[in-house]
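Read top to bottom, the protein sequences are chains H and X.
Taking the numbering used here, the leading residue of the first sequence gets 17, the next gets one more, and so forth.
Taking the numbering used here, the leading residue of the second sequence gets 11, the next gets one more, and so forth.
Glycine included, every Cβ here is placed at the ideal spot set by N, Cα and C.
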Amino acid sequence: MVLLLLLIVWELIVKQTGVPDWLFPAPSQIFQEGWNGWEQFYPHLLATLKLSLIGFLIGSGTGLITAIILHLLPGLRDSIYPLLILSQNIPIIVLAPLLVIWFGFGLMPKIIVIALVCFFPITVASLDGFKQTAPELKHYMNMAGASKSQLFWKLELPYATPSIFSGLKISATYSVMGAVISEWLGAKHGIGVYMTLASSSFRTDRVFVAIFWIMILSLLFFGLIKAAERTLVRGQFKGEIK
Amino acid sequence: MTLLNISNLSKSFGNETILAHLNLSVAEGEFVSILGPSGSGKSTLFHLVGGILAPDEGEINLNGDVISGKRGYISYMPQTPSLLPWRNILHNVTLGQELQRKADKETAKDMLMKAGLQQYMNAYPNELSGGMKQRAAFIRALLSPQSVLCLDEPFSALDELTRQEMQEWLLGTWEEYKKTILFVTHNIEEALFLSDRIIILSSKPAQVKAEVTVPFSRPREKKLLLEDEFFKWKRKVYNLLTSTADEYITRT
């Protein structure tokens, strides 16, 4: 509703002030371009979709595994955790050209970029989830003689599932962005490529088409993760923990 | 026959001695309550029996084996029900078994049925009342294969009426299965109503101050709580609990 209102206001302003198309196109023009240019755009969309999916799976997979390892080895966690946070302060934009120097123009540097973007939210969210396991449940498990692996599989992992999913949701939306950035490094197809081409030829309407598709993809990923969460995490979990 | 034997057990944290040379034993099939003021080290004693703490001194024996500092030899029911929120009741009550070996769903179903929880087998813990959750927690402990059941103030969070109902139910269930129970409480009435023997602890450091063999015959019913004889014993235990050790010696 708010979105619709925003689009209407945007349309009206553009029409009223007579801003040239190449500076700021009206939504109607953007949609028209999106519709007409679909044939052209579609391969780019597919490429980005594939790239972000692969990157997301690899990034979240390594993120989760890292979290599990760090959780099971608390000594390691305390020394690695600050490094993880530091690693997030390196701007991806700076890192990307370096990755190209190291790994060339293939798929590898792109996937590394996406994986790096996805990795952090999941690791942090899962680690927090493991750590926040209700102490009274942990106490029960210990008193009842649960081994370390039983404690993890039967209590800590299920307990952390909602946290892991909130990490996944953030990563899923980041992954599309990461894919677009990685495509700027040089690629044949992808929304990132389309965007660069469009902006260098002043096709602002196409830039906006790309932006809208990035949003749609992000929302789609987000929705999928949310649906998976709903089937995996029981609604009852929201009830009291005791 | 002595099943659980605790001898000369001491534990301190930093400079504070919590348990000092504590001795107690529990016979097979016996219901023993440990009564003591809050902060008297009852929980520490349980943590030692459960093996999540190791004693500074002394030894815990179960059936002749030393179990001090070893986990998995007792089954446990904590103060809060501590049911896992993502498991239904049936899967929750078999958790204790799962930790040791395979879950036995048939016995679990049978016990839930007897506890009046049959409609709740597939329900999740947050759909149950406090009393029902504690029933499930007790069944979980009963189903665990270990011979000694440790109950840590299991009814302290319940309201008075539910608590009485739960005590009666617990007693009935226990009389049927005759497991060995070590029961921690700070409620004199509860200790008298439920147990064969009450061990009264002094506070800081905890030592066995007195031991009372409860004379009431079993099966016990709720009306026992209102008998004169019960009040007499309650008074006696109360005096034992509140008097200092020296006073107690001079009085007897």
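Mind checking Thr190(X): buried by the 16 CB within 10 Å criterion, or exposed? Residue numbering aside, residue 190(X) sits at position 180 when the second sequence is read from its first letter. When all chains shown are included, Thr190(X) counts as buried.
At a Cβ threshold of 7 Å, is Leu109(X) touching chain C? Within the model displayed, chain C is absent; protein chains H and X are what it includes.
What are the start and end residues of the alpha helix (DSSP H) that includes Phe241(X)? Locating residue 241(X) in the second sequence gives position 231, where the first residue counts as 1. Run containing Phe241(X): 238-252, per the alpha helix (DSSP H) assignment.
Compute the beta-carbon to beta-carbon distance between Ala226(H) and Ala214(H), rounded to the nearest angstrom, for a pair I have assumed lies under 8 Å. Start at 1 with the first residue of the first sequence, and residue 226(H) comes out as number 210. Start at 1 with the first residue of the first sequence, and residue 214(H) comes out as number 198. Taking a contact as a CB-CB distance under 8 Å, the pair Ala226(H) and Ala214(H) counts as one, their CB atoms being some 7 Å apart.
Between Gly71(H), Met193(H), Pro90(H), Thr189(H), which has its C-alpha nearest Ile241(H)'s C-alpha? Within the first sequence, the letter at position 225 stands for residue 241(H). The option with the nearest alpha carbon to Ile241(H) is Thr189(H).
Quick one: what's Tyr86(X) bridged to in DSSP? Here residue 86(X) refers to the residue found at position 76 of the second sequence. Beta-bridge pairing links Tyr86(X) to Cys160(X).
Glu221(X) and Ile209(X) closer than 7 Å at C-beta: For the purposes of this step, residue 221(X) is identified with residue 211 of the second sequence, where counting begins at 1. For the purposes of this step, residue 209(X) is identified with residue 199 of the second sequence, where counting begins at 1. Yes. Within cutoff.
Which residue comes first and which comes last in the alpha helix (DSSP H) that contains Thr139(H)? What you label residue 139(H) is simply residue 123 of the first sequence in a count that begins at 1. Start and end: 123-147.
Does Glu152(H) come within less than 7 Å of chain X when only Cβ atoms are used? Working through the first sequence from its first residue, we reach residue 152(H) at position 136. Interface residue, yes.
Under 9 Å between beta-carbons, which chain H residues line up against Arg81(X)? List them in chain order, please. Locating residue 81(X) in the second sequence gives position 71, where the first residue counts as 1. In chain order: Asn158, Met159, Ala160, Gly161, Ala162, Ser163.
How is the beta strand (DSSP E) around Leu138(X) delimited, first residue to last? As a working mapping, residue 138(X) is identified with position 128 in the second sequence. The continuous stretches of beta strand (DSSP E) do not include Leu138(X), and DSSP gives it neither H nor E.
So Ile62(X) contacts chain H; which residues on that side make the cut at Cβ distance below 7 Å? Within the second sequence, the letter at position 52 stands for residue 62(X). The CB of Ile62(X) comes closer than 7 Å to the CB of Asn158, Met159 in chain H, given here in chain order.
Cβ-based neighbour list, Ile62(X), same chain, cut-off 8 Å, excluding 5 preceding and 5 following: As a working mapping, residue 62(X) is identified with position 52 in the second sequence. Cβ neighbours of Ile62(X) beyond the five flanking positions: Arg81.
Please report how far the alpha carbon of Tyr130(X) lies from the alpha carbon of Met87(X), in whole angstroms. What you label residue 130(X) is simply residue 120 of the second sequence in a count that begins at 1. What you label residue 87(X) is simply residue 77 of the second sequence in a count that begins at 1. Looking at the two C-alpha atoms, the distance is approximately 20 Å.
If contacts are defined as beta-carbon pairs under 8 Å, then Leu93(X) and Asn102(X) qualify, I think. What distance do you get, rounded to the angstrom? Residue numbering aside, residue 93(X) sits at position 83 when the second sequence is read from its first letter. Residue numbering aside, residue 102(X) sits at position 92 when the second sequence is read from its first letter. Between the beta-carbon of Leu93(X) and that of Asn102(X) there is about 5 Å, and that keeps the pair under the 8 Å contact cut.
Contact check, Phe161(X) vs Phe193(X) under 8 Å by CB: the rounded distance? Counted from its first residue, the second sequence places residue 161(X) at position 151. Counted from its first residue, the second sequence places residue 193(X) at position 183. Here residue 161(X) is Leu; the residue named in the question, Phe, does not match the sequence. The beta-carbon distance between Leu161(X) and Phe193(X), rounded to whole angstroms, is 5 Å. This is short enough to meet the 8 Å contact definition.
Asp75(X) bridges to which residues according to DSSP? Reading the second sequence from its first residue, position 65 is the one you call residue 75(X). Answer by DSSP bridge pairing, in chain order: Leu72(X).
Apply the 10 Å Cβ neighbour rule to Tyr187(X) and answer buried if 16 or more other Cβ atoms are within range, or exposed otherwise. Taking the first residue of the second sequence as position 1, residue 187(X) is located at position 177. Classification of Tyr187(X): exposed, given that the 10 Å Cβ count is below 16.
Look at the alpha carbon of Gln252(H) and the alpha carbon of Asp221(H), and state the distance between them as a whole number of angstroms. Reading the first sequence from its first residue, position 236 is the one you call residue 252(H). Reading the first sequence from its first residue, position 205 is the one you call residue 221(H). Note that Gln252(H) scores 49 on pLDDT, short of 50, meaning its location in the model is unreliable; the coordinates nonetheless yield the value given after this. Looking at the two C-alpha atoms, the distance is approximately 47 Å.
Roughly how many angstroms lie between the CA atoms of Glu170(X) and Val42(X), to the nearest whole one? Counting from 1 along the second sequence, the entry for residue 170(X) is found at position 160. Counting from 1 along the second sequence, the entry for residue 42(X) is found at position 32. Cα to Cα, Glu170(X) sits roughly 22 Å from Val42(X).
What residue range does the beta strand (DSSP E) around Val116(H) cover? Here residue 116(H) corresponds to residue number 100 of the first sequence, with the count starting at 1. In this chain, Val116(H) is not harboured by any beta strand (DSSP E); it is covered by the alpha helix (DSSP H) spanning 108-119.
Which residue wins for smallest C-alpha separation from Trp96(X), given the options Gln107(X), Asn132(X), Asp114(X), Glu69(X)? The residue labelled residue 96(X) in the question sits at position 86 within the second sequence. Taking only the C-alpha atoms, the option nearest Trp96(X) is Asn132(X).
CB Gln156(X) to CB Ile77(X), shorter than 7 Å? Numbered from its first residue, the second sequence carries residue 156(X) at position 146. Numbered from its first residue, the second sequence carries residue 77(X) at position 67. The answer is no: Cβ separation not under 7 Å.
Expressed to the nearest angstrom, what Euclidean distance is found between the alpha-carbon atoms of Ile130(H) and Ile197(H)? Residue 130(H) sits at position 114 when you count from the first residue of the first sequence. Residue 197(H) sits at position 181 when you count from the first residue of the first sequence. Approximately 9 Å, taken between the alpha carbons.
Helix, strand or coil for Glu231(X) per DSSP? Sequence index remark: in the second sequence, residue 231(X) carries index 221 (1-based). Residue state, collapsed to three classes: coil.
Starting from the Cα of Gly208(H), find the closest Cα among Pro36(H), Val223(H), Leu143(H), Gln48(H) and give me that residue. Here the question's residue 208(H) lines up with position 192 in the first sequence. It is Val223(H).
When you compare only the Cα positions, how much space is there between Ser212(X) and Gly183(H)? On the second sequence, residue 212(X) is found 202 positions in, with the first residue counted as 1. On the first sequence, residue 183(H) is found 167 positions in, with the first residue counted as 1. Distance from the CA of Ser212(X) to the CA of Gly183(H), rounded to the nearest whole angstrom, comes to 50 Å.
I need the straight-line Cα distance from Gly34(H) to Cys134(H), nearest angstrom please. Start at 1 with the first residue of the first sequence, and residue 34(H) comes out as number 18. Start at 1 with the first residue of the first sequence, and residue 134(H) comes out as number 118. So the alpha carbons of these two residues sit roughly 41 Å apart.
Using the three-state DSSP reduction, which class does Phe168(H) fall into: helix, strand or coil? Residue mapping note: residue 168(H) aligns to position 152 of the first sequence, counting from 1. Residue state, collapsed to three classes: helix.
Taking just the CA atoms, how far does Asn33(X) sit from Asn15(X)? In the second sequence, counting from the first residue as 1, residue 15(X) sits at position 5. In the second sequence, counting from the first residue as 1, residue 33(X) sits at position 23. The alpha-carbon separation between Asn15(X) and Asn33(X) amounts to approximately 8 Å.
Given 6 Å as the limit, tell me if Leu235(H) has its C-beta closer than that to any heavy atom belonging to the ligand ATP. With respect to the ligand ATP, the structure offers nothing, as it holds no ligand at all.
List the residues of chain H that Gly106(X) touches, going by C-beta distances under 8 Å, in chain order. Mapped onto the second sequence, residue 106(X) falls at position 96. Residues of chain H passing the Cβ test: Ala160.
Would you mind sorting Leu248(H) into buried or exposed? The rule is 16 or more other CB atoms within 10 Å of its CB. The residue you call residue 248(H) lines up with position 232 of the first sequence. Exposed.
Out of Val140(H), Pro59(H), Leu19(H), Ile230(H), state which residue places its alpha-carbon closest to the alpha-carbon of Ala11(H). Residue 11(H) lies beyond the residue range present for chain H, which begins at 17 and ends at 258; the question has no answer from this structure.
Buried/exposed call for Glu163(X), threshold 16 Cβ in 10 Å: Taking the second sequence and counting its residues from 1, the one referred to as residue 163(X) is at position 153. That one is buried.
Using only alpha-carbon positions, find the residue among Gly122(H), Phe228(H), Leu111(H), Ala141(H) that is nearest to Trp51(H). Along the first sequence, one-based indexing puts residue 51(H) at 35. A check of alpha carbon separations from Trp51(H) across Gly122(H), Phe228(H), Leu111(H), Ala141(H) identifies Phe228(H) as the nearest.
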